[in-house]
Amino acid sequence: MKILMLNYEFPPIGGGAANAHRCLLQQYAGSSDLKVDVLTSAPGPGFFKETFADNITIYKVGLHKKELHFWRKTEVIEWLFKAKFHYRKLLRENDYDLAHAFFGFPTGWLCYRTANKLPYIISL
1304 MKILMLNYEF
1314 PPIGGGAANA
1324 HRCLLQQYAG
1334 SSDLKVDVLT
1344 SAPGPGFFKE
1354 TFADNITIYK
1364 VGLHKKELHF
1374 WRKTEVIEWL
1384 FKAKFHYRKL
1394 LRENDYDLAH
1404 AFFGFPTGWL
1414 CYRTANKLPY
1424 IISL
């Protein structure tokens, strides 16, 4: 199974949801029947690709983040606009079975807009 996970929080950014997401990925790591891509954020400009495990790749969208554990509305909107491009690119380049969005907005909004192409779930 190939899953695309979206969460605008991921360590070091965020709090409970970021840590919960990392714990899920630790459980998924090494599962030969599972491939996971994560689209998340990074503190600072740019776009980064990191390997979490052999079967897990993390794509980080850089933001103008003032505080690691507090989100301003402008930062959430900035993530949405920047992540939209990378989300669509990942969908074009991969054949995902499912999208898993943490939060209804902004991540769930991206999934909702492509629901006719990819089934999705929203958590937290």
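Numbering (the numbering used here), first residue to last: 1304 to 1427.
For glycine and all other residues, C-beta sits at the position ideal for the given N, C-alpha and C.
Everything numeric in this text was worked out from a predicted model, so none of it was measured.
Are the Cβ atoms of residue i and residue j separated by less than 8 Å?
{"i": "Pro1314", "j": "Arg1325", "result": "yes"}
{"i": "Glu1353", "j": "Lys1363", "result": "yes"}
{"i": "Phe1405", "j": "Ala1332", "result": "no"}
{"i": "Tyr1311", "j": "Thr1410", "result": "yes"}
{"i": "Lys1368", "j": "Pro1348", "result": "no"}
{"i": "Lys1425", "j": "Gly1407", "result": "According to the sequence shown, residue 1425 is Ile rather than Lys. Yes."}
{"i": "Lys1305", "j": "Asn1397", "result": "yes"}
What whole-angstrom Cβ distance do residue i and residue j have, given they're in contact under 8 Å?
{"i": "Gly1318", "j": "His1403", "result": "Not really, about 19 Å apart at Cβ, beyond 8 Å."}
{"i": "Leu1401", "j": "Pro1422", "result": "6 Å"}
{"i": "Leu1328", "j": "Ile1359", "result": "6 Å"}
{"i": "Leu1307", "j": "Tyr1415", "result": "At roughly 14 Å, the Cβ-Cβ gap does not stay under 8 Å, so Leu1307 and Tyr1415 are not in contact."}
{"i": "Tyr1390", "j": "Leu1366", "result": "With 8 Å as the limit, Tyr1390 and Leu1366 do not qualify as a contact, their Cβ atoms being about 15 Å apart."}
Along the chain, where does the alpha helix (DSSP H) containing residue i start, and where does it finish?
{"i": "Leu1393", "result": "1376 to 1396"}
{"i": "Gly1319", "result": "1319 to 1331"}
{"i": "Tyr1415", "result": "1410 to 1416"}
Could you check where the beta strand (DSSP E) with residue i kicks off and where it finishes?
{"i": "Leu1342", "result": "1338 to 1346"}
{"i": "Phe1355", "result": "1350 to 1356"}
{"i": "Gly1365", "result": "1359 to 1366"}
Tell me, please, whether the CB atom of residue i is closer than 8 Å to any CB atom in chain B?
{"i": "Glu1370", "result": "Absent from the structure is chain B; it holds one protein chain and no more."}
Name the DSSP beta bridge partners of residue i, please?
{"i": "Lys1305", "result": "Lys1338"}
{"i": "Tyr1423", "result": "Ala1402"}
_Validate contact between the region 1332 to 1345 and the region 1378 to 1390 using beta carbons, cut 8 Å, 3 pairs_ = yes
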